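The structure appears below as structure tokens.
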Amino acid sequence: MGRGVRGAEGERAQGPGGNGIVRALIIYSKRGGIEPLAKAIASSLSEHAVRVDLQEADERTGGPVSAAPYDVICVGSPVLGFWRGEVAADVDATIKRFTRLEGRQAAAFVKPAIFGTGKALRRLMGILERQGAMVQDFAAIRGLAEARAFSRRLENLIRKKP
33 MGRGVRGAEG ERAQGPGGNG IVRALIIYSK RGGIEPLAKA IASSLSEHAV
83 RVDLQEADER TGGPVSAAPY DVICVGSPVL GFWRGEVAAD VDATIKRFTR
133 LEGRQAAAFV KPAIFGTGKA LRRLMGILER QGAMVQDFAA IRGLAEARAF
183 SRRLENLIRK KP
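To convert, note that position 41 of the sequence shown is 73 in the working numbering; the numbers rise steadily by one, no gaps.
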């Protein structure tokens, strides 16, 4: 797994399932400058008592990874392919290894390109939805300020009462 970014120590959050700590997993591509955006989202969420795990996407074949411990899964990819709006292969492979995504809240973000941004977002959301996740939010994020704004939307999403 990736490096963890923890929320304020000792603070209890009202998670979707009750009195548990709210947990988020952010998966990001090694390509295209996504890491700083993922870290900004993680940092902003952790400032609001959300326990965040960061995981760098990996194309290598590996065993299944459970999404069960998380209230929300957030996935980031650069927009690849000049016209086609492709998602990074490492992100695609990582999502397909996840188990227990069925019914889990998810969010998707891409770092936009001149062409193909909307198509890449739709593809990324489609990958998540085919695994059973319910994509609740998405964004094309250009910089750190937009990443922090997206994290505030994510926080509202995961703290929303069922």
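For every residue, glycine included, the Cβ atom is placed at its ideal position computed from N, Cα and C. Computed from a predicted model, the values in this text were never measured in an experiment.
Reference residue i; option with closest CA among the options
i, options, result
"LEU160", "VAL82, ALA125, LYS62, ARG83", "ALA125"
"ASP90", "ILE127, LEU77, LYS71", "ILE127"
"PHE147", "PHE114, GLN87, LEU86, ALA74", "PHE114"
"GLY175", "GLU67, ARG136, LEU186", "GLU67"
"SER61", "VAL119, TYR102, LEU189", "VAL119"
"ARG184", "ILE53, GLY117, VAL82, THR131", "VAL82"
"ILE73", "GLY64, ASP85, GLY150", "ASP85"
"GLN163", "THR93, ALA99, LEU69", "ALA99"
"ARG116", "ALA172, LYS151, GLU79, VAL167", "LYS151"
"THR93", "VAL123, PRO101, GLU79", "VAL123"
"ALA177", "LYS71, THR131, TYR102, GLY64", "LYS71"
"GLY95", "GLU79, SER75, HIS80, THR131", "THR131"
"PRO101", "GLY52, LEU189, PHE182", "GLY52"
Other residues of its chain near residue i: CB distance less than 6 Å, five sequence neighbours each side excluded
i, result
"ILE59", "GLN87, ALA89, VAL107, THR126"
"ARG63", "PRO110, ALA120"
Cβ separation of residue i and residue j, assumed to be a contact under 8 Å, to the nearest whole Å
i, j, result
"LEU30", "GLU187", "One cannot answer for residue 30 here, as it falls past the ends of the chain, which runs 33 to 194."
"ALA172", "THR149", "5 Å"
CB contact flag (residue i, residue j, <9 Å)
i, j, result
"ARG129", "VAL97", "yes"
"ARG191", "VAL54", "yes"
Close Cβ partners of residue i (< 7 Å) along its chain, the five nearest in sequence each way excluded
i, result
"ALA165", "ILE105, LEU133, ARG136, ALA138"
"PHE170", "ALA139, ALA140, PHE141, LEU153, MET157"
"GLY182", "In the sequence under discussion, the amino acid at residue 182 is Phe, which differs from the Gly named in the question. Once the five neighbours on either side are set aside, the close Cβ partners of PHE182 are ILE73, PHE141, ALA171, ILE173."
Cβ shell of residue i (< 8 Å), same chain only, five flanking positions each side left out
i, result
"VAL167", "ALA138, ALA139, ALA140, MET157, LEU160, GLU161"
"ARG155", "GLY117, GLU118, VAL119"
> When the Cβ atoms of the segment 106-118 are set against those of the segment 134-148, are three or more pairs found closer than 8 Å?
Replying inline: These segments touch.
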